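Novice:
In the numbering used here, the protein residues as written are 37 to 756.
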């Protein structure tokens, strides 16, 4: 569309790309220019999905943008509060406080595979791992961007299926401001939700230096009851999340901006949201939940998981004539402790990225950058019981260098060709140790088994992309893209006591790769009152990394990661929004797709044509909102949201009767009034008290994970 021809020169008439938010008050523009006279009062959502600022409706790829106003309208307190409402995005809570994410059916197929398939960014740093990606608190975020399809060119390894970006608000040195938010809700058959959040923006030197500090305290009372005799307890899956962020914005000159920041989050999680399964007495071979929102948990009622991270960063930006230069230095340190302290995971990451982006108005535009990453991730299991102790430790060290760039040229003011690529080199080393001790009757010494396994490898990979877009009119754009994504290779440490490398065990697993082909249309019509976006995609995934094992004499079990099989994913995504009147708004968006294996997997895990887990055949989301003035400056609104999801597999290789969930529809209602700078919201979530099965867990516990029951409450928001 024609907004590309000069940087954000003509404000967007409608919301951002597919599917975007359902409600935006007039004048709530974010990072965009004020609306011109006579234009519609739609929010002008600006994204940086291409590493340059542009309106999302002008970005030729399928993406979802949730700005701060929409996160508040959804009552989002953390990532899971909105993740399952975004078409194509699927999540499993692998450990309390951490999630495994997939987009368009592309996700980790077997437990124990060390690379994530979706990039997960906190501002400038990727913190995604397959079993330890944190749940991010959402207060004082400027927006969340969900980019579908491989994003390896600009966002690197791990963005195999797509990328999720949490982008925080920046300080404003022009004026003092702040906001407060308080929430209380009751969970039927459970405890209470309580949260308090606040942010203050302090100008220190007007138009030059400002400090922004925000914090959130969240408590969830849980809704699962333990019915094990002697350990009965209600609401054992309660949790709390505390977070704080401080950002200093310094603009010593009109060209130079320096932004140091630090984010800290601490989450404490107890129990599981799963119902324990038992054999069905009326149907041999089948299993049923032990009871509604009940689990059998003998001896572990005080099991607690802790997820904690700190992220300091420094971003320096300098505006040359025609070029914007950015240096982003980031450190991320996280710790996940679970199963009563038995399981521990740590993750330390340092990244440095520098990039230059053209800012002129000419037909030729470019992005050029370099990237360095140094990461150490460790997992420990320390289990001690009378008569037995087991310690397992695994440490991975990774260093990565990459160069990336894109070039685009606009022909005849309407046809734009964009090509790019990313060349990276990485080196991975891994060490695994195991110590087992079994006491024997005196005077015999304890029976002890020790093992040490080491391994390493390096590889170089190139990921190209090409995108062709055409502005049919100022309000209608079509595009086609082809892009390659990758997930880094994995080391298989080999036991140093073995005189040979077992046949079939690779010392280094190659990266798995994906080619994505996407065509789409983005349009604004009915005089700017409606938007319709649609994307058709096909993904070809090869050399999939999966967990495997062999048994040697002894017996000795060798667990390893290998490349095996292929898969494909194809479908249609759409987004429709219509401002029918000044007061009435409709939105409908969704995805119809199929993700399946294209080759047999080893050990009977899956066959050609089998459905991939967490890839429902359809997802639909809709919103209806009515808003209007009431009296004396009082504004009111009524809003209804629904989320419909087809049944899906939770895990590959699990029995279909257990792993396949039923389809479900969740409905939320919200009403509110606003007077001056004070808002009062009443809400009811899961109005019909639907019992949705989010996943099936046969690894940690034999259980199905449920959604939260009907919840209703009140929110108070105030700004100053």
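The C-beta atom is built at its ideal place from N, Cα and C for all residues, glycine as well.
From a predicted model like this one, the values you see are computed outputs, not experimental measurements.
(1) Could you compute how far the alpha carbon of residue 241 sits from the alpha carbon of residue 247?
(2) CA-CA distance, residue 255 and residue 601?
(3) For residue 484, report the span of its beta strand (DSSP E) as first-last.
(4) Do the stretch 479 to 491 and the stretch 440 to 453 meet, that is, are 3 or more Cβ pairs less than 8 angstroms apart?
(5) Leaving out five residues on either side along the sequence, give the residues of the same chain with a beta carbon under 7 angstroms from the beta carbon of residue 327.
(6) Let me make sure I understand the geometry here. Which of 181, 113 and 146 has the alpha-carbon closest to that of residue 220?
(7) CA-CA distance, residue 460 and residue 500?
(8) Only counting runs of 3 or more residues, tell me where the beta strand (DSSP E) segments fall wholly within the stretch 99 to 140, in order along the chain.
(9) Which full runs of the alpha helix (DSSP H) of 4+ residues lie inside the stretch 647 to 700, going along the chain?
(10) My understanding is that residue 474 touches residue 424, with C-beta atoms under 8 angstroms, so please give their C-beta distance in whole angstroms.
(11) Can you tell me the Cα-Cα spacing of residue 510 and residue 258, whole angstroms?
(12) Hey, quick one: how far does the beta strand (DSSP E) through residue 633 stretch, first residue to last?
(13) In whole angstroms, give me the CA-to-CA distance for residue 433 and residue 646.
(14) Enumerate in chain order the residues of its own chain whose CB-to-CB distance from residue 59 is below 6 angstroms, with the five nearest sequence positions on each side excluded.
(15) With burial defined as no fewer than 16 other Cβ atoms inside 10 Å of the residue's Cβ, what is the status of residue 701: buried or exposed?
(16) Over the uninterrupted beta strand (DSSP E) stretch that includes residue 191, give me the two end residues.
(17) Nearest-angstrom Cα distance between residue 226 and residue 274?
(18) Give me the DSSP bridge partner(s) of residue 595.
(19) Decide if the stretch 195 to 209 is in contact with the stretch 378 to 396; the criterion is three or more beta carbon pairs, one per stretch, under 8 angstroms apart.
(20) Alpha carbon to alpha carbon, what distance is there between residue 733 and residue 315?
(21) Where do the N-terminal and C-terminal ends of the beta strand (DSSP E) with residue 211 fall, by residue?
(22) My understanding is that residue 170 touches residue 301, with C-beta atoms under 8 angstroms, so please give their C-beta distance in whole angstroms.
(23) Quick one, which of 200, 127 and 186 has its alpha-carbon nearest residue 163's?
(24) Give me the Cα-Cα distance between residue 638 and residue 137, rounded to the nearest whole angstrom.
(25) On the CB-based measure, 16 or more other CB atoms within 10 Å of its CB, does residue 145 come out buried or exposed?
(26) Do you know how far the Cα of residue 295 is from the Cα of residue 243?
(27) Classify residue 93 as helix, strand or coil using the three-state DSSP reduction.
(28) When you compare only the Cα positions, how much space is there between residue 454 and residue 505?
(29) In whole angstroms, what is the alpha-carbon distance linking residue 151 and residue 495?
(30) Distance, Cα to Cα, residue 740 vs residue 695?
(31) Quickly, what does DSSP pair residue 616 with across the bridge? List them, please.
(32) Quick test of your reading: residue 582 and residue 598, contact by CB under 8 angstroms. State the CB separation rounded to the nearest angstrom.
(33) Near residue 297, which residues of its chain fall below 6 angstroms by C-beta distance, leaving aside the five closest residues on each side in sequence?
(34) When the Cα of residue 271 is compared with those of 249, 281 and 309, which residue comes out closest?
(35) Would the stretch 564 to 573 and the stretch 607 to 615 be scored as touching if the rule is three or more Cβ pairs under 8 angstroms?
(36) Within this structure, are the beta carbons of residue 260 and residue 307 separated by less than 9 angstroms?
Specialist: Let me lay it out:
(1) Taking the straight line from one Cα to the other gives about 10 angstroms.
(2) Looking at the backbone, the Cα of residue 255 and that of residue 601 are separated by about 43 angstroms.
(3) Taken as a continuous stretch (DSSP letters only), the beta strand (DSSP E) holding residue 484 covers 483 to 509.
(4) They do not touch, by the three-pair rule.
(5) A distance below 7 angstroms between beta-carbons, with the five flanking residues on each side excluded, links residue 327 to the following residues of its chain, in chain order: 263.
(6) The shortest C-alpha separation from residue 220 is found at 113.
(7) Going by the C-alpha atoms only, they are around 12 angstroms apart.
(8) Correct list: 99 to 103, 125 to 131 and 134 to 139.
(9) Runs of the alpha helix (DSSP H) lying entirely within the stretch 647 to 700, each at least 4 residues long, are 692 to 695 in chain order.
(10) Residue 474 to residue 424, Cβ: 6 angstroms. Contact.
(11) Taking the straight line joining both Cα atoms gives about 51 angstroms.
(12) Note, residue 633: beta strand (DSSP E), 620 to 633.
(13) Here the C-alpha atom of residue 433 lies approximately 35 angstroms from the C-alpha atom of residue 646.
(14) Caution is warranted here: a pLDDT of 34 is assigned to residue 59, below 50, making its placement in the model unreliable, and no coordinate value can be reported.
(15) Classification for residue 701: exposed.
(16) No beta strand (DSSP E) contains residue 191, which is instead part of the alpha helix (DSSP H) from 188 to 191.
(17) When only Cα atoms are considered, residue 226 and residue 274 end up about 9 angstroms apart.
(18) Looking at the DSSP output, residue 595 sits in a beta bridge with 585.
(19) Segments in contact, no.
(20) C-alpha separation (whole angstroms): 16 angstroms.
(21) Looking at the DSSP string, residue 211 is not in any beta strand (DSSP E), and its letter there is neither H nor E.
(22) Contact between residue 170 and residue 301 holds: their C-beta atoms lie close to 7 angstroms from each other, under 8 angstroms.
(23) The residue with the shortest Cα to Cα distance from residue 163 is 200.
(24) Rounded to the nearest angstrom, the two C-alpha atoms are 24 angstroms apart.
(25) Around the beta carbon of residue 145, 16 or more other beta carbons sit within 10 angstroms, so the residue counts as buried.
(26) One C-alpha to the other measures close to 14 angstroms.
(27) Collapsing the DSSP output to three states places residue 93 in a helix.
(28) Their backbone Cα atoms lie some 8 angstroms apart in a straight line.
(29) Counting only the Cα atoms, residue 495 lies some 15 angstroms from residue 151.
(30) Inter-residue distance for residue 740 and residue 695 is about 8 angstroms (C-alpha atoms, whole angstroms).
(31) For residue 616, which the question treats as bridged, DSSP gives no partner whatsoever.
(32) With a Cβ gap of about 6 angstroms, residue 582 and residue 598 count as contacting.
(33) Here the set comprises 283 and 349.
(34) For residue 271, the nearest C-alpha among the options comes from 309.
(35) Because the criterion of three Cβ pairs below 8 angstroms is met, the stretch 564 to 573 and the stretch 607 to 615 touch.
(36) For residue 260 and residue 307, yes; Cβs fall inside 9 angstroms.
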